[in-house]
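Notes for the one structure printed next.
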Amino acid sequence: MADSARSLDDTAQDGGRTGRFAGMGPFMLVWSGQAVSLVGNSVLRFAFVFETWSATGRATALTTLSLCAMLPQVLLSPLAGAFVDRISRRTALQLADGGGLLIVALLGVLHFTGGLHTWEVYAAVMLLGSAAAFQFPALGAAVPLLVDKARLQRANSLLASAKSTADVGGPALGGLLVAFSGLGFILVADLVSFAVALAAIRVVRMRGDNGPAKKPAGGARGKLVAEAVEGMRFLFRYPSLRDLMLAFCVVNLVMVFGFAAVQPMVLARSGGETTALASVNTAIGVGGVAGGLLMAAWSGPKNRARGMLLGIIGMCLSAQVAMALAGGVVGWCAAILVGAALMPMINGVMQAVVQTKVPQEWHGRVFGAVMFLSQISVPLATAVSGPLADHVFEPQAADGTGIFVVLGPLVGDGPGSGMAAMLLIAGLCGIAVGVLSMTRRTVREIDSLLPDVDAESGGDGAGDGDGDGTAERGGAGDADKDVTCDDDSGGAGRPGGPEDPVKLRDNPDPDPDADPDNPENKALVEG
1 MADSARSLDD TAQDGGRTGR FAGMGPFMLV WSGQAVSLVG NSVLRFAFVF
51 ETWSATGRAT ALTTLSLCAM LPQVLLSPLA GAFVDRISRR TALQLADGGG
101 LLIVALLGVL HFTGGLHTWE VYAAVMLLGS AAAFQFPALG AAVPLLVDKA
151 RLQRANSLLA SAKSTADVGG PALGGLLVAF SGLGFILVAD LVSFAVALAA
201 IRVVRMRGDN GPAKKPAGGA RGKLVAEAVE GMRFLFRYPS LRDLMLAFCV
251 VNLVMVFGFA AVQPMVLARS GGETTALASV NTAIGVGGVA GGLLMAAWSG
301 PKNRARGMLL GIIGMCLSAQ VAMALAGGVV GWCAAILVGA ALMPMINGVM
351 QAVVQTKVPQ EWHGRVFGAV MFLSQISVPL ATAVSGPLAD HVFEPQAADG
401 TGIFVVLGPL VGDGPGSGMA AMLLIAGLCG IAVGVLSMTR RTVREIDSLL
451 PDVDAESGGD GAGDGDGDGT AERGGAGDAD KDVTCDDDSG GAGRPGGPED
501 PVKLRDNPDP DPDADPDNPE NKALVEG
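Counting with UniProt numbering, you get residues 1 to 527 for the letters of the sequence shown.
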């Protein structure tokens, strides 16, 4: 086992190999394990939906099931990210997958002993969502230790492609397994998928994965909350990260608001044809897989922020504006396939920016904050879109009143026209956010305003041998240029506090559009 790990680690550092995926052996092994686990989890989710519907026959029960899965993952992600920064990346991944394995094993015991009830499914789904809260920050922090900086966007896109594959293949495979094998076999299969993911993590060594430089002291619970808050504050410490994150979150809000209307719109406009809905859902999955694979082969745009914003504009234009205006299944599928294909690039670039602009010791907290900020709007947008469609947009579309005096000629006045208008408005708002963000120099020129950190524990190594001559932050070789962020309060978990010494360079990221007297734009930005 140790020899295998050594050979895989050596492969990752072999600069003599050529090809698009050279040096990605360790990552590909971890990625394969995670892909298998994602498919297993997707199959189990489908089985839970089927079993819950069979037991209750109520749509509310399915909504409750979705919230049980979603809310713990979103709400716990900042705390999970703070905890991830206290331990090694390998241990964090093992805890996330190991926790999922134990929960599924308990479900299996309950099922085979005849004691599995609907309320226990809800509880198990909440626990699985809690375990998943650790997955995103742990994996986001681990990727830079498995590949060099030039391959980060490629690796992140492969992860997005694996998720799309699970989203498409999981329900299809789940339907077959529920029909022919039952829940028991699915639980066993998911156990195996978690075991595969754990084995892959166990075999691979992550370069520089030595855990935190200094373990935090004091009360664990109170301090963990403070460290979670610091993940949020770190994103807003630099204008470039702040503006990029705000744009990402606003676009995510309008995207979720619009996409919540896609499925009912398709059903309403197709006369309830389930084949039309299945075709659209398949197009989403195929687009996501294809986009991830294309991004992995291409490795992403050179100007990452500009590429991400153009991707957002293109996605909103195709998957929302064109989707709202298109007529028929073919038009819907074509529009949403293009939009779904752009999603891996958008998400891959966003993750790569965080991985290269944020010091490794902060990755868990910052990725936890990213998950929280980008996903907290999902339950709200989902809850609001349905009532708005039923009680505002659809009635106005049928009567030709309100905004449909203008939008009526574009979206029509038949069933589903109100939801098409919601999708159209969401798409236009997303495009506006993308265009406005392009006018912000802090976003457009993030790579020059905020140089990459010196990834001394992974990526290109301490020397950052990409030859771009960009100033680095926090590297050992830059000790003479660093200043320590002092915190007089000495609060545990604060950047620069005595319990968590973090060195930051003179702030290379002033906001050119802000007041120069603003303390945020001075050389040292204190928390």
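C-beta atoms are modelled at their ideal positions from N, C-alpha and C, and glycine is treated no differently.
TODO: Note down the Cα distance separating Leu410 from Leu253, rounded to an integer number of angstroms.
DONE: 24 Å
- [ ] Quick one: using the 10 Å Cβ neighbour count with 16 as the cut-off for buried, is Val121 buried or exposed?
- [x] buried
Open item on the list: Can you look up Asp97 in the DSSP assignment and give me helix, strand or coil?
Closed with: helix
Task: Distance between Val392 and Gly108 (C-alpha atoms, nearest Å) - done: Straight-line Cα distance between these residues: approximately 45 Å.
Task: C-alpha distance - residue 532 paired with Ser318, whole-angstrom precision - done: Residue 532 cannot be examined here, being either before or after the span of the chain that is shown, 1 to 527.
Task: Cβ pair count under 8 Å reaching 3, the segment 54-65 against the segment 186-198 - done: no
TODO: With DSSP collapsed to three states, give me the class of His117.
DONE: coil
TODO: Have a look at Val43 and Gly287 and give me their C-alpha separation to the nearest angstrom.
DONE: 20 Å
Open item on the list: Is the beta carbon of Gly129 closer than 8 Å to that of Gln73?
Closed with: yes
Task: 7 Å CB neighbourhood of Arg444 in its chain, flanking five on each side removed - done: Ala305, Arg306, Met438
Task: Alpha-carbon to alpha-carbon, Ala199 and Gly285 - done: The alpha-carbon separation between Gly285 and Ala199 amounts to approximately 28 Å.
Task: Candidates Ala326, Ala397, Ile336, Asp452, of which the one nearest Pro359 by Cα - done: Of Ala326, Ala397, Ile336, Asp452, the residue nearest in Cα terms is Asp452.
Task: Gly258 versus Gly414, His111, Met315, residue with shortest Cα-Cα distance - done: Met315
Open item on the list: I want to know whether the segment 39-53 touches the segment 167-184 - three or more CB-CB distances under 8 Å.
Closed with: yes
Task: Between the CA atoms of Ala142 and Ala179 - distance to the nearest angstrom - done: Rounded to whole angstroms, Ala179 to Ala142 spans 38 Å at the Cα level.
Task: Endpoints, alpha helix (DSSP H) assigned at Trp31 - done: 25-56
- [ ] Please determine if the segment 268-282 and the segment 147-155 are in contact, where contact requires at least 3 C-beta pairs separated by less than 8 Å.
- [x] no
- [ ] Kindly indicate which residue of Val330, Glu361, Pro264 has the alpha-carbon position closest to the one of Arg89.
- [x] Among Val330, Glu361, Pro264, the Cα nearest to that of Arg89 belongs to Glu361.
Open item on the list: Looking only at its chain, what residues have a beta carbon closer than 8 Å to the beta carbon of Ala195, apart from the 5 residues adjacent to it on each side?
Closed with: Leu101
Open item on the list: Assuming Met422 and Ser385 are in contact, meaning their beta carbons sit under 8 Å apart, how far apart are those beta carbons, in whole angstroms?
Closed with: 7 Å
Task: Rounded C-alpha distance that separates Ala426 from Val435 - done: 14 Å
Open item on the list: Buried or exposed for Asp390, going by 16 or more other Cβ atoms inside 10 Å?
Closed with: With fewer than 16 neighbouring CB atoms inside 10 Å of its own CB, Asp390 falls in the exposed class.
- [ ] Classify Asp399 as buried or exposed, calling it buried when 16 or more other Cβ atoms lie within 10 Å of its own Cβ.
- [x] Asp399 is exposed by the Cβ-count criterion.
Task: Selected residue, minimal CA-CA separation from Met350, among Gly170, Val104, Cys249, Val147 - done: Cys249
TODO: Only counting runs of 4 or more residues, tell me where the alpha helix (DSSP H) segments fall wholly within the segment 229-269, in order along the chain.
DONE: 239-259, 262-269
- [ ] Any chance you could list the alpha helix (DSSP H) runs of at least 4 consecutive residues sitting entirely within the segment 362-441, in chain order?
- [x] 363-375, 377-388, 394-399, 404-411, 417-439
- [ ] Measure the C-alpha to C-alpha separation of Ala340 and Thr113 and round it to an integer number of angstroms.
- [x] One C-alpha to the other measures close to 42 Å.
Task: Cβ-based neighbour list, Val378, same chain, cut-off 6 Å, excluding 5 preceding and 5 following - done: Val256
Task: Buried/exposed call for Ser240, threshold 16 Cβ in 10 Å - done: buried
Open item on the list: Quick check: what's the CA-CA separation for Leu93 versus Val104?
Closed with: 17 Å
Task: Coil, strand or helix - Leu450 by DSSP - done: coil
Open item on the list: Does Thr165 pass the burial test, meaning 16 or more other C-beta atoms within 10 Å, or should it be called exposed?
Closed with: buried
Open item on the list: Could you check whether Val147 and Leu29 sit closer than 8 Å to each other, using their CB atoms as the reference points?
Closed with: With a cutoff of 8 Å on beta-carbon distance, Leu29 and Val147 are scored as not near each other.
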